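> There's a structure below that I have some questions on.
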Amino acid sequence: MIDGPKGIDLQLARDEQSRASFLDGVGRINPIRAGLLCRCPACGEGKLFAGFLKVVDRCAVCGTDFTGLNTGDGASVFIMQISGGISAFLALGLQIAFAPPLWVLMIVAVPLVLALSFGLMRPGKGLMIALQIRDRNHGAAPHV
182 MIDGPKGIDL QLARDEQSRA SFLDGVGRIN PIRAGLLCRC PACGEGKLFA
232 GFLKVVDRCA VCGTDFTGLN TGDGASVFIM QISGGISAFL ALGLQIAFAP
282 PLWVLMIVAV PLVLALSFGL MRPGKGLMIA LQIRDRNHGA APHV
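253 is the number that the numbering used here gives to position 72 of the sequence shown; each next residue is one higher, with no gaps.
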């Protein structure tokens with residue numbers, strides 16, 4: 182349907198304009214926030230995990246392929262350092278302030294380490310996946 186000035190197809194122009202605005206909206210998704218929320222870093226809608234740490238093969242919403250991604254143990258290393266640091270400083274603070282017996286420190290520190298580790302593992306792995314997706318989309322060189 183060519184009814185615009187200089188023979189421009191207005192319907193095609195409207196379709197391209199709506200596609201461009203859609204892609205612009207998709208580009209505004211913060212992949213890091215989506216990864217921390219365990220959502221697809223590409224669209225921000227689809228689920229990132231099928232199980233506790235099992236990454237889905239494809240996003241159910243946008244179809245982004247996650248099979249080529251490999252986070253390895255990167256997330257777990259960071260999570261261990263974070264939860265261990267928090268627990269160690271808390272145990273040190275308790276020891277300095279109250280001087281409780283060792284079993285009290287164990288009762289406080291072990292559940293705290295477990296809760297922090299399990300609570301932060303999914304968002305940490307989601308963040309690692311989001312960073313890989315972001316680097317892949319921005320043309321960063323692959324890491325060997």
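Note that beta-carbon positions come from the ideal geometry of N, C-alpha and C, so glycine has one too. All of these numbers come straight from a predicted model, not from anything done at the bench.
Secondary structure at V258, three-state DSSP: helix, strand or coil?
helix
> DSSP has K228 in a bridge; who is on the other side?
R220
> Locate the alpha helix (DSSP H) running through P292, then write down its first and last residues.
Run containing P292: L283 to N318, per the alpha helix (DSSP H) assignment.
> Output yes or no for whether 7 Å exceeds the beta carbon distance between C240 and G227.
yes
> For R239, which residues does DSSP report across the bridge?
D246
> Using the rule of at least 16 other Cβ atoms within 10 Å of the residue's Cβ for burial, across every protein chain shown, is A328 buried or exposed?
Absent from the structure is residue 328, since the part of the chain shown begins at 182 and ends at 325.
> Can you tell me the Cα-Cα spacing of L297 and P212, whole angstroms?
23 Å
> How about T245 and K306: do their beta carbons lie closer than 7 Å?
no
> Which same chain residues end up closer than 6 Å to R315 when comparing Cβ atoms and leaving out the 5 residues on each side of it in sequence?
The residues are P212.
> Between M287 and S268, what straight-line distance do the alpha-carbon atoms span, to the nearest angstrom?
10 Å
> How about I260 and L301: do their beta carbons lie closer than 7 Å?
yes
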